[in-house]
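Some notes on the structure that comes next.
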Amino acid sequence: MSLDPAYLEYPRRRLGYDHDLYPYSAMPTRRPLQWPDGKGVATSIVVSLEWFPITPSDTPFRAPGHMQTAYPDYRHYTARDYGTRIGFYRLLDAFAKAGVRVSVAANGAIAQRYPSVIRDIVDAGHEIIAHSTDMNGTIASTLPVDAERALIRDSIAALSDVTGSAPRGWHSIARSQSFATTDLLVEAGIEYCVDWANDEVPWAFANGLVNLPLNHELSDRQIINVQQQSVDSYAEQILDAHDWLAGEAAVSGPGGGGRLLPLHLTPYIIGLPYRMGAFERLLADLKARPATWFARGSDILDSWRNQS
Amino acid sequence: MQEGAADPGLYDFSPYRGRKAFAWPGGKKVAVWVSPNLEYYEIDPPTNPHRKSWAKPHPDVVGYAHRDHANRVGHWRMAEVMSKHGFPGSVSLSVALCQHHPDVVADANARGWEFFSHGIYNTRYSYGMDERQERAIIEDSIRTVREATGQTIRGWLAPALTHTPRTLDLIAEYGLDYTCDLYHDDQPQRVKTASGDLISMPYSLEVNDHYGFFIYNMSPREYARTLIRQFERLADEPSGTVMCIPLHSYLIGQPHRIGAFEEVLRHIAADGRAWITRSGDIADAWRAVQTGEAA
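Chains as they are written, first to last, in full-length UniProt numbering: chain A, 1 to 308; chain B, 1 to 295.
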């Protein structure tokens with residue numbers, strides 16, 4: 001038994017990455033970022049607002065949260081709708097109470113099916129970013145590039161039709177991209193994506209697209225659904241993250257300076273009655289911390305561009 | 001090992017009860033070593049017929065970016081906390097990191113950390129290799145680490161824990177003197193090899209941060225309490241033992257975890273019963289104990 005000799009050849013073993021999508025950067029070498037008003041931690045909330053067809057697609061893969069039982073899967077179809085009808089409005093009220101503006105990553109289907117929800121988001125001063133067409137609109141390298149281009153275009157068009165302006169940001173379902181995605185996003189006029197969770201400050205791809213890392217480890221889905229921890233533990237972990245980042249942000253000189261604390265929320269997870277109280281307390285606790293700058297993705301993008 | 005045999009013949013059975021108690025240098029009870037896995041995962045690795053690498057078609061953005069966090073952010077954060085509390089690292093190294101991100105390797109070397117090999121990449125598996133191929137990755141590991149750090153590796157943790165029946169014999173033949181791939185003991189033990197002098201160095205899957213967070217689904221504070229209980233129990237037992245804390249900085253170096261972990265290091269450093277050291281030093285001290293007993 002032996003392996004193909006190519007398995008022991010390493011054509012991309014070289015200084016830097018084994019790809020050319022973006023350059024390497026080590027935390028201690030960086031010039032400190034300054035967020036507005038001397039705040040240390042840009043706290044960015046991204047809510048995924050999604051519509052799951054009861055007829056799931058596995059091409060290129062089935063989205064997280066999608067249908068699980070044999071057809072018709074009433075339990076997951078309706079439980080996801082609960083998030084949009086009920087949980088999301090609890091979140092909108094909580095954001096208003098705390099005076100927080102957020103980014104909502106919406107499927108194009110939300111705009112087509114429920115335009116009033118999109119108007120409620122925009123009227124409250126929140127930002128809409130594009131989040132594919134519907135939850136059958138997953139992306140991977142096995143999807144033909146033309147199909148991916150159409151999916152990005154259709155998502156942006158559906159949202160723009162209701163909001164009257166083009167979204168500046170993009171969030172792929174499950175953060176899954178192909179090797180073509182970043183170029184297709186630039187081609188479609190998108191300025192930033194949130195899919196690459198490899199850092200705690202913004203950075204730019206080689207083609208100019210900016211990435212605002214949306215830490216999947218700090219998402220309600222990961223902590224509450226995947227790791228099966230309580231909402232109280234979730235809130236404790238977010239506050240622990242905040243306090244650590246605030247400490248780093250207070251360091252002057254290379255390696256210190258402003259940080260990102262991304263909260264990725266799912267209305268059908270965090271928006272349940274027994275979780276909302278803890279979430280509202282978390283918002284208040286974050287707001288009470290002097291380092292917090294609640295910011296939409298586009299606010300962070302603009303601030304970062306002004307100093308880089 | 002005895003290839004194909006029901007008992008692979010790696011070591012002799014030796015129950016805990018009845019062993020002669022010993023202490024580590026300074027009369028310490030628990031040799032505590034921290035093992036950061038400094039790794040490089042390729043974005044588009046070739047396929048090994050015996051094991052799939054990424055779960056998704058390449059690029060697996062979540063998997064790749066998560067591990068990339070280690071080299072951009074996590075390592076630096078974790079290493080600072082370790083140095084602050086006096087814990088050196090014994091690095092399980094994807095040796096190609098010496099080419100891709102030499103800054104990370106140089107930082108670890110400057111902190112006085114020891115290096116052993118964890119293969120070329122954590123996306124290249126040993127399954128299916130012939131002897132010549134396996135010798136090539138061992139020789140590559142020895143050469144690459146020597147050129148990058150001046151150190152001669154003494155240990156081995158198979159890349160992504162992928163072994164062949166000849167791995168232990170080969171690393172012993174090349175003069176490596178400990179393996180981190182065997183989990184049968186809380187003390188070093190002799191390993192049977194065709195040549196050389198190989199011992200098993202207690203590493204750990206059970207208190208590995210990856211197991212803590214993704215097998216047992218612990219919160220950061222639960223994981224920290226687990227490490228403290230592990231230490232306290234070992235320190236209360238009669239003889240010297242080994243406690244390894246294997247880490248991945250893209251996990252422990254996350255902002256919601258590093259604070260709880262720092263409290264663990266503070267606790268162990270303050271306890272007084274820990275010999276806080278490196279894997280090679282443990283191997284030397286254990287051999288000295290064995291020699292002393294034989295004399």
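Where is the CB? At the ideal position from N, CA and C, for every residue including glycine.
Keep in mind that this is a model prediction, so the values were computed, not measured.
- Per DSSP, A:A130 is not a residue of any alpha helix (DSSP H); the beta strand (DSSP E) it occupies stretches across 127-130.
- A residue is called buried when at least 16 other Cβ atoms come within 10 angstroms of its Cβ; A:R305 does not meet this threshold and is exposed.
- DSSP places B:W33 inside the beta strand (DSSP E), whose first and last residues are 30-38.
- Short of 6 Å from the beta carbon of A:E200, and not among the five residues preceding or following it, lie these beta carbons of its own chain, in chain order: R259, L260.
- B:I276 sits away from B:A270, with the two beta carbons spaced by 8 Å or more.
- Boundaries of the alpha helix (DSSP H) around B:M82: 75-84.
- Looking from the CA of A:P267, the closest CA among A:R90, A:P53, A:S103 belongs to A:R90.
- The beta-carbon of B:R124 is placed less than 8 Å from the nearest beta-carbon of chain A.
- Taking 8 Å as the CB threshold, B:H58 lines the interface with chain A.
- Runs of alpha helix (DSSP H) with 4 or more residues, each lying fully within the segment 194-257 of chain A, are found at 231-249, listed in chain order.
- Judged by DSSP in its simplified three-state form, A:A79 adopts helix.
- For the segment 64-93 of chain A, the set of residues with a beta-carbon nearer than 7 Å to any beta-carbon of chain B is empty.
- Identification of chain B residues near A:I238 by a Cβ-Cβ cut-off of 9 Å yields H256, ordered along the chain.
- In this structure, DSSP gives B:F213 a helical state, which the three-state scheme calls helix.
- If you check each beta-carbon in the segment 11-39 of chain A against every beta-carbon of chain B, the ones closer than 9 Å belong to R12, R13, R14, L15, G16, Y17, D18, H19, L21, Y24, S25, A26, M27, P28, T29.
- With a threshold of 8 Å between beta carbons, A:E148 makes no contact with chain B.
- Closest in C-alpha terms to A:D120, from the list A:Y10, A:T133, A:A96, comes A:A96.
- Only I258, G259, A260 from the segment 258-281 of chain B bring a Cβ to less than 8 Å from some Cβ of chain A.
- Distances from the alpha-carbon of B:H58 to those of B:P46, B:D68, B:R51, B:H50 put B:P46 closest.
- A distance below 8 Å separates the beta carbons of A:A295 and A:A42.
- Excluding five sequence positions before and after B:K192, the CB atoms of its chain that fall closer than 7 Å to its own CB belong to G9, L10, Y11, given in chain order.
- Chain-order list of chain A residues neighbouring B:P238: empty, with the shortest C-beta distance near 37 Å, by a criterion of under 9 Å.
- For the pair of segments examined, the segment 41-55 of chain A was found to touch the segment 73-93 of chain A: the number of CB pairs separated by less than 8 Å reaches three.
- Listed along chain B, no residue sits closer than 7 Å to A:M276 by beta-carbon distance, the nearest being about 21 Å off.
- Non-local C-beta neighbours of A:R12 in its own chain, meaning closer than 6 Å and more than five positions away in sequence, comprise D18, ordered along the chain.
- At least 8 Å separates the beta-carbon of B:I120 from that of B:A148.
- Sixteen is the threshold: when 16 or more other Cβ atoms of the shown chains lie within 10 Å of the Cβ of B:K28, as they do, the residue is buried.
- Here the C-alpha atom of A:Q177 lies approximately 25 Å from the C-alpha atom of A:D161.
- One finds Q229, S233, Q237 in chain A with Cβ atoms closer than 7 Å to the Cβ of B:S219, taken in chain order.
- At the C-beta level, A:V104 and A:V47 come within 8 Å of one another.
- Residue pairing by DSSP places A:T182 in no beta bridge whatsoever.
- In the three-state reduction of the DSSP assignment, B:M243 falls in the strand class, which pools E and B.
- Membership of B:L198 in any alpha helix (DSSP H) is not indicated; the residue belongs instead to the beta strand (DSSP E) covering 198-200.
- Three or more beta-carbon pairs separated by less than 8 Å are not found between the segment 189-206 of chain A and the segment 78-85 of chain B, which leaves the two stretches without contact.
- Pairing A:H216 with A:C193 gives a Cβ-Cβ distance that is not under 8 Å.
- Listed as beta-bridge partners of A:A6 by DSSP are no residues whatsoever.
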